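Chemist:
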Amino acid sequence: MDTPNGIEVNMSKTVAFLGPEGTYTDEACYVYAPDENRVPFASLGLVTGALEEGKVHEAVVPIENSLGGTVIEVVDYLITSTKARIKDEILLPIDHCLITRPNVQLSDIRVVMSKQEALTQCRQFLSEKLRYSEQIATTSTALAVTNLKEGDDRTAAIGPRRSAELAGLPILANGIQDRENNVTRFAVLTSGGNPDKASNKTSIAFDFDSPDAPGLVYGALRPFADRGINLLKIESRPTGKGMGSYIFLLDFEGHIDTLNVQEAISELKNHTATFKVLGTYPRAKDLSVRSAPFNQRN
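Per the numbering used here, the very first residue in the sequence shown carries number 1143; after that it's consecutive.
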């Protein structure tokens, strides 16, 4: 199969990611699989479709951001897929850089391009340092940097360090985001194999027959509390079956095969209509050094 770059690769040893090259997802994929064939796809649907069809053996996708919340499309895919599971996760601090053409000074810049979310997350830097610059939104941070190569010296882009490295462009300032707690969690998805024995985190999904009955959520969570299992996250998504009908997503510490987890799940199933394990995998730590945000610098 040809990649989007026209290069023939062995797809059975390929990791798909949400492209283009130079995005934060590309950076996460590179950190996770530096020696694998990494292939960018233009949308999350194409990434998950390639995994579902067996064209790739793994996929790296964003699943949660500490400021923006859950990536709904990925979670909904995991709920409905009969093949995919979470194999691993990566935590990547979002460190926005101001990227320019060579020999450009801050006073030269009149236009700043980036994805709208990145422009918003760097609002303080832009208002203080580039108050009179025009802001132009692009579909991705990587595209902004690509366009910069064809622009002029009055234009700058906001993007990840990797996009500057790939484009061969200098970074005029880094860590220009307003807040330091901007971290994206990326999930590594696979469609085969068994969970690693060293895994210490599990994600599950479940719903109820009678969503309006009192104490349902309490009854579902109590088996974990009774066994000292630490709950890391709980949220809900509409099932699509009507107003007030939800599926619950739960992350907790522990391997799916340990006795106390098995006991808790067995008791949980007494309260649920459907139940699914989304994955058992190693709990991630930050893989990048985080820059201090602009508003905390002297």
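All C-beta atoms in this analysis are idealised placements derived from N, C-alpha and C, irrespective of residue type, glycine included. Keep in mind the model is a prediction, meaning the values are calculated, not measured.
Excluding sequence positions up to five away, which residues of its chain have a Cβ less than 6 Å from the Cβ of residue 1438?
Modeler: Its pLDDT being 47, under 50, residue 1438 is placed unreliably in this model, and the value from its coordinates should be taken loosely. If we look at residue 1438 and ignore the five residues flanking it on each side, it has no Cβ neighbours.
Chemist: I'd like to know if the stretch 1279–1291 and the stretch 1299–1316 are in contact, where contact means that at least 3 CB-CB pairs between them fall below 8 Å.
Modeler: The stretch 1279–1291, when compared against the stretch 1299–1316, does touch it at the 8 Å Cβ threshold.
Chemist: Assuming residue 1235 contacts residue 1324 under a Cβ cut-off of 8 Å, what Cβ separation, rounded to an integer in Å, is found between them?
Modeler: Going by Cβ atoms, the distance from residue 1235 to residue 1324 rounds to 7 Å, so yes, they are a contact pair.
Chemist: Could you spell out where the beta strand (DSSP E) holding residue 1281 opens and where it closes?
Modeler: Counting along the chain, residue 1281 falls outside any beta strand (DSSP E), and DSSP gives it neither H nor E.
Chemist: In terms of residues, what are the limits of the alpha helix (DSSP H) holding residue 1362?
Modeler: 1358–1368 is the span of the alpha helix (DSSP H), which, as asked, contains residue 1362.
Chemist: Can you tell me which of the three DSSP states residue 1402 falls into?
Modeler: Looking at residue 1402 - three-state DSSP - the assignment turns out to be helix.
Chemist: In its own chain, which residues sit with a C-beta less than 6 Å from the C-beta of residue 1190, not counting the 5 before and 5 after it?
Modeler: Answer for residue 1190: 1219, listed in chain order.
Chemist: For the beta strand (DSSP E) holding residue 1317, just list the boundary residues, first then last.
Modeler: It is not in any beta strand (DSSP E) - residue 1317 carries neither H nor E in the DSSP assignment.
Chemist: Going by the beta-carbon positions, is the gap between residue 1267 and residue 1318 smaller than 9 Å?
Modeler: Yes; because the gap between Cβ atoms is below 9 Å, this pair is in contact.
Chemist: In its own chain, which residues sit with a C-beta less than 8 Å from the C-beta of residue 1216, not counting the 5 before and 5 after it?
Modeler: Within the same chain, residue 1216 has close Cβ partners 1186, 1190, 1203, 1204, 1205, 1329.
Chemist: Go ahead and pull the three-state DSSP assignment for residue 1198.
Modeler: The answer is coil: DSSP assigns residue 1198 none of H, G, I, E or B.
Chemist: Could you spell out the range, first to last residue, of the alpha helix (DSSP H) harbouring residue 1167?
Modeler: Taken as a continuous stretch (DSSP letters only), the alpha helix (DSSP H) holding residue 1167 covers 1166–1174.
Chemist: Between which two residues does the beta strand (DSSP E) harbouring residue 1348 extend?
Modeler: From DSSP, the beta strand (DSSP E) with residue 1348 extends over 1343–1349.
Chemist: Between the Cα of residue 1348 and those of 1161, 1378, 1354, 1367, spot the shortest distance and give me the residue it belongs to.
Modeler: Measuring from the Cα of residue 1348, the nearest candidate turns out to be 1378.
Chemist: Kindly examine the ligand FAD and report whether one of its heavy atoms sits closer than 8 Å to the Cβ of residue 1379.
Modeler: You won't find the ligand FAD in this model; it holds no ligand whatsoever.
Chemist: Assuming residue 1160 and residue 1240 are in contact, meaning their beta carbons sit under 8 Å apart, how far apart are those beta carbons, in whole angstroms?
Modeler: Wrong, their Cβ atoms sit about 23 Å apart, outside the cutoff.
Chemist: Determine the closest residue to residue 1404 out of 1262, 1344, 1334, 1212, with distance taken between C-alpha atoms.
Modeler: Of the listed residues, the one whose Cα sits closest to residue 1404 is 1344.
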